[in-house]
Ligand code: AMP
C-alpha cells in the first residue's frame, strides 16, 4: 500500500483546517466550503450519537445526489455507523427485501432542509414521524471521532444485472486506497470540479465523493441524467472531470456541441464494454481524455489505464492492475494463466470488499488466499494490460456449447446504425438455450444487421431474433438490465 489510510472525516478535518474557504460540495442549491461541510458533519454526528447510534449501527440511507445526502453520509461515517445505501427511488423495505438473504435494518436516515439549513430525518422501526435533527443547532456534545478506516462503513448492493442482489460490505479504507492509487493515473488536479451524476449507492458514484474529500477537489452533485441537461451543467459549473459508463458518454457525445463540453478534461470510463470506434468518437466529440477503469461493487478498483498514455494504449484493454492490488488470471483447470491466456480475473488487496453480508456468499467468492474471484474472464498481455473477454457466468449454453453474449454484442455494435445491444439466452426445448438480442438501431433494415452479423459470427452464435427498442432498460448504475431485457424479449415473442 502506497500511503497510510485514514477515515474520510480525518481527511475532511485536515482539509477544513488548511483550506477552510475552498468550495467542496455543490448542487443546485449552491456550494458549501470545507469549513461549512465539517461544521455540519460535526453537529450531525453529535446529534446522531446522542440519539443512540453507535459504531457498527446499520442505518438505511436513500442515496440521493444532493449535498445534504452527502452530509448525512459523512455524519454516519464520523461516528462509525454503517450506511446501507439504497436507490432513493425505492422504498427502503422493498430495496432490502430484494437482497438475498433479506436484510432487516430498522433505522432509516434521510437528508432534508436546504443547503444552508440541512436537516437529518431519523426514523426507527417504522414508529411514525421521523425525528428532525437540524444541523445548524448549536450546543450539542461532539461525538467521539471514529478512527478505524478498516471497519464496515457501507453496504451497497450489486447491480442486480445478473439476478438477485447481494449486499456488499465496504470499509472507508477500501474507498480511500482506491483514490490514493488512482490519483497519479487519473490526471487529477486541485482545481478540478467533478460531476457527481452517478448514483451514490454505486461504487463508481461513491468514488467521486471520496475523490473530493481525499484529493481535495470540488464535487457538483446532480440527479440529472439527460445528456442535454448534463452538458448544460458542465458548461455552467465549468466541470473538468466525471465518471461514467459508456452509454452516458455516448449519449453526451451525440448531443455535444463543442462549447458545452469545453471545460471537460478527463473522465473515467468503466462499468461496461465499449468499442474502439465508440472510444474515439467520445474523445473527439467531447474533446476530453478517457481513462478506462475496471472495477466492481466487490472491489472498487481492479485495473486502470493512465491518462498520460496515448489513445491507442488507453484503448487497448482496461489498463494494468492497480499498484496496491495483486491480480491474477486463473484458468479453468485452476492453474495461473500465462500472458495472453484467458481465465477468471482474481484480485486481492486493500480495495477488496470486507465480504458479503452473507458469509456463505463471501466464502464462495473469496478464496483462502484472499483473492476475490470476480466472475469476469480476461487475459493479461505481455505488457501487463488486462483485457476483459466476457463473464464466466454470463454464458448461453446452446446444445452444450458455451456462447459469450459479449462477443455477440460486440458483433452487433460493429453493424452500422446499432447504438446499443444486449444479448440474453432464452430457454429452448431442443437446444437448451438460444441467444436473443435487443438493440437500439437507427437504420431502417434489421435484416441488414442480421446479414452483417453472419459475416462476423458462426451460425450457432447468430441471435434467433432481434428486438428493436428505443432504449435498453438500464440498471441504476447505467448498465443494460439483462433480466428486464429477457422479459421484454419474452413478451415480444409471445405477442
Ligand atoms: P457492478 O458491481 O455493478 O459495478 O458491476 C461490475 C461488473 O461490470 C464487472 O464485474 C464487469 O463485468 C463489468 N465491468 C466493470 N468495468 C468494466 C469495463 N471497464 N469493461 C467491461 N466491463 C466492465
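Residue numbers (this note's numbering): 1293 to 1787.
Where is the CB? At the ideal position from N, CA and C, for every residue including glycine.
#1: Regarding residue 1534 and the ligand AMP, is the C-beta to nearest heavy atom distance less than 7 Å?
#2: Taking just the CA atoms, how far does residue 1496 sit from residue 1454?
#3: Quick one: residues in its chain with C-beta nearer than 6 Å to the C-beta of residue 1712, no 5 flanking neighbours on either side, listed in chain order?
#4: Ordered along the chain, which non-local residues of its own chain (more than five positions away) have a Cβ less than 7 Å from that of residue 1781?
#5: Starting from the C-beta of residue 1532, find all residues in its chain whose C-beta is less than 8 Å away, skip the five residues before and the five after it, and write them out in chain order.
#6: May I have the straight-line CA-CA distance separating residue 1798 from residue 1721, to the nearest angstrom?
#7: Does any heavy atom of the ligand AMP sit closer than 7 Å to the C-beta of residue 1564?
#8: For residue 1581, is the beta carbon positioned less than 7 Å from some heavy atom of the ligand AMP?
#9: Could you tell me the distance, in whole angstroms, from the CA atom of residue 1704 to the CA atom of residue 1491?
#10: Answer yes if the region 1380-1398 comes into contact with the region 1429-1437, meaning at least three C-beta pairs across the two stretches below 8 Å, and no otherwise.
#11: From the DSSP output, which residues share a beta bridge with residue 1559?
#12: Under three-state DSSP, which class holds residue 1663?
#13: Does the region 1629-1637 come into contact with the region 1677-1688, if we say contact requires no fewer than three beta-carbon pairs (one atom in each stretch) closer than 8 Å?
#14: Quick check on residue 1361: does DSSP put it in helix, strand or coil?
#15: For residue 1742 and residue 1754, I'd like the C-alpha separation in whole angstroms.
#16: Whose C-alpha, out of 1503, 1783, 1381, is nearest the C-alpha of residue 1767?
#17: I need the straight-line Cα distance from residue 1338 to residue 1449, nearest angstrom please.
#18: Using the C-alpha atoms, what's the distance from residue 1595 back to residue 1639?
#19: Between the beta-carbon of residue 1593 and the beta-carbon of residue 1553, is there less than 8 Å?
#20: Going by beta carbon distance, what residues of the same chain come within less than 8 Å of residue 1295, once the five residues before and after it are set aside?
#21: Helix, strand or coil: which one does DSSP assign to residue 1622?
#22: Kindly confirm or deny that the region 1461-1476 and the region 1614-1629 touch, where touching means at least three C-beta pairs closer than 8 Å.
#23: Quick check: does the Cβ of residue 1683 come within less than 7 Å of any heavy atom belonging to the ligand AMP?
#24: Distance check for residue 1536 and residue 1771, CA to CA, integer angstroms please.
#25: Indicate the three-state DSSP secondary structure (helix, strand or coil) for residue 1771 in the structure shown.
#26: I want to check one thing, is the minimum distance from the CB of residue 1612 to the heavy atoms of the ligand AMP below 7 Å?
#27: Cβ of residue 1588 versus every heavy atom of the ligand AMP: is any distance shorter than 7 Å?
#28: How would you write the range of the beta strand (DSSP E) that residue 1638 sits in, first residue to last?
#29: Only counting the same chain, and skipping five residues up and downstream in sequence, which positions put a Cβ closer than 6 Å to that of residue 1366?
#30: Under 8 Å, do residue 1355 and residue 1378 count as touching if we go by C-beta distance?
#31: Output needed for residue 1312: all residues of its chain with C-beta closer than 7 Å, excluding positions within five of it in sequence on either side, in chain order.
#32: For residue 1323, which residues of its own chain have a beta-carbon under 6 Å away from its beta-carbon, when the five flanking residues on both sides are left out?
#33: Alpha carbons only, please: which of 1504, 1625, 1301, 1562 is nearest the one belonging to residue 1441?
#34: Which stretch, first to last residue, makes up the alpha helix (DSSP H) that contains residue 1473?
#35: In this structure, how does DSSP classify residue 1736 when only helix, strand and coil are distinguished?
With the given structure in hand:
#1: Taking the chain shown and counting its residues from 1, one reaches residue 1534 at position 242. Because no heavy atom of the ligand AMP lies under 7 Å away, the Cβ of residue 1534 does not count as near it: no.
#2: For the purposes of this step, residue 1454 is identified with residue 162 of the chain shown, where counting begins at 1. For the purposes of this step, residue 1496 is identified with residue 204 of the chain shown, where counting begins at 1. Per-residue confidence for residue 1454 stands at a pLDDT of 45, beneath the threshold of 50, marking its modelled position as unreliable; the derived number appears in the next sentence. Rounded to the nearest angstrom, the two C-alpha atoms are 18 Å apart.
#3: As a working note, residue 1712 is residue 420 in the chain shown. Only 1732, 1764 meet the Cβ criterion.
#4: Here residue 1781 corresponds to residue number 489 of the chain shown, with the count starting at 1. 1716, 1718, 1728, 1730, 1759, listed in sequence order.
#5: As a working note, residue 1532 is residue 240 in the chain shown. These residues qualify, in order along the chain: 1481, 1483, 1484, 1485, 1486, 1555, 1556, 1557, 1558.
#6: The requested residue 1798 is not part of the displayed model; the chain covers only 1293 to 1787.
#7: Within the chain shown, numbered from 1, the residue matching residue 1564 stands at position 272. Residue 1564 Cβ: within cutoff of the ligand AMP.
#8: One-based indexing of the chain shown puts residue 1581 at position 289. Between the ligand AMP and residue 1581, a heavy atom-to-CB distance of less than 7 Å is absent.
#9: Taking the chain shown and counting its residues from 1, one reaches residue 1704 at position 412. Taking the chain shown and counting its residues from 1, one reaches residue 1491 at position 199. Those two C-alpha atoms are separated by around 29 Å.
#10: They do not touch, by the three-pair rule.
#11: On the chain shown, position 267 is the one that residue 1559 refers to. Per DSSP, 1534, 1582.
#12: In the chain shown, residue 1663 corresponds to position 371, counting from 1. Correct three-state label for residue 1663: coil.
#13: Here the region 1629-1637 makes contact with the region 1677-1688; the two share three or more CB pairs at distances below 8 Å.
#14: Taking the first residue of the chain shown as position 1, residue 1361 is located at position 69. Residue 1361 falls in the helix class under three-state DSSP.
#15: Against the chain shown, residue 1742 aligns to sequence position 450. Against the chain shown, residue 1754 aligns to sequence position 462. The alpha-carbon of residue 1742 is positioned some 8 Å away from that of residue 1754.
#16: Counted from its first residue, the chain shown places residue 1767 at position 475. When only C-alpha atoms are compared, the closest one is 1381.
#17: Locating residue 1338 in the chain shown gives position 46, where the first residue counts as 1. Locating residue 1449 in the chain shown gives position 157, where the first residue counts as 1. Each residue's alpha carbon lies about 28 Å from the other.
#18: Taking the chain shown and counting its residues from 1, the one referred to as residue 1639 is at position 347. Taking the chain shown and counting its residues from 1, the one referred to as residue 1595 is at position 303. Those two C-alpha atoms are separated by around 10 Å.
#19: Looking up residue 1593 in the chain shown gives position 301. Looking up residue 1553 in the chain shown gives position 261. Pairing residue 1593 with residue 1553 gives a Cβ-Cβ distance that is not under 8 Å.
#20: Here residue 1295 refers to the residue found at position 3 of the chain shown. For residue 1295, same chain residues with a beta-carbon under 8 Å away, outside a window of 5 residues either side, are 1472 in chain order.
#21: What you label residue 1622 is simply residue 330 of the chain shown in a count that begins at 1. When secondary structure is reduced to three states using DSSP, residue 1622 falls in the strand class.
#22: Judged by Cβ distances under 8 Å, the region 1461-1476 makes contact with the region 1614-1629, as three or more pairs qualify.
#23: By 1-based counting over the chain shown, the position of residue 1683 is 391. Checking every heavy atom of the ligand AMP against the Cβ of residue 1683, one is found closer than 7 Å.
#24: As a working note, residue 1771 is residue 479 in the chain shown. As a working note, residue 1536 is residue 244 in the chain shown. Spanning the alpha carbons of residue 1771 and residue 1536 requires a straight line of approximately 11 Å.
#25: Taking the first residue of the chain shown as position 1, residue 1771 is located at position 479. Assigned with DSSP and collapsed to three states, residue 1771 falls in coil, not helix or strand.
#26: Numbered from its first residue, the chain shown carries residue 1612 at position 320. For residue 1612, the shortest C-beta to heavy atom distance toward the ligand AMP is 7 Å or greater.
#27: Here residue 1588 is taken as the residue at index 296 of the chain shown, counted from 1. Correct: residue 1588 has its Cβ closer than 7 Å to the ligand AMP.
#28: Position 346 of the chain shown, counting from 1, holds the residue named residue 1638. Its beta strand (DSSP E) spans residues 1635-1640.
#29: The sequence position of residue 1366 within the chain shown is 74, counting from 1. So the list reads 1333, once near-sequence residues are dropped.
#30: In the chain shown, the residue the question calls residue 1355 occupies position 63. In the chain shown, the residue the question calls residue 1378 occupies position 86. With contacts defined as CB atoms closer than 8 Å, residue 1355 and residue 1378 qualify as a contacting pair.
#31: Here residue 1312 corresponds to residue number 20 of the chain shown, with the count starting at 1. A distance below 7 Å between beta-carbons, with the five flanking residues on each side excluded, links residue 1312 to the following residues of its chain, in chain order: 1325, 1326, 1327.
#32: Numbered from its first residue, the chain shown carries residue 1323 at position 31. Result list for residue 1323: 1315, in chain order.
#33: Along the chain shown, one-based indexing puts residue 1441 at 149. Restricting attention to 1504, 1625, 1301, 1562, the CA atom closest to the CA of residue 1441 is found in 1301.
#34: Taking the first residue of the chain shown as 1, we reach residue 1473 at position 181. Start and end: 1464-1478.
#35: As a first step, residue 1736 must be located in the chain shown, where it is residue number 444. In this structure, DSSP gives residue 1736 a state outside helix and strand, which the three-state scheme calls coil.
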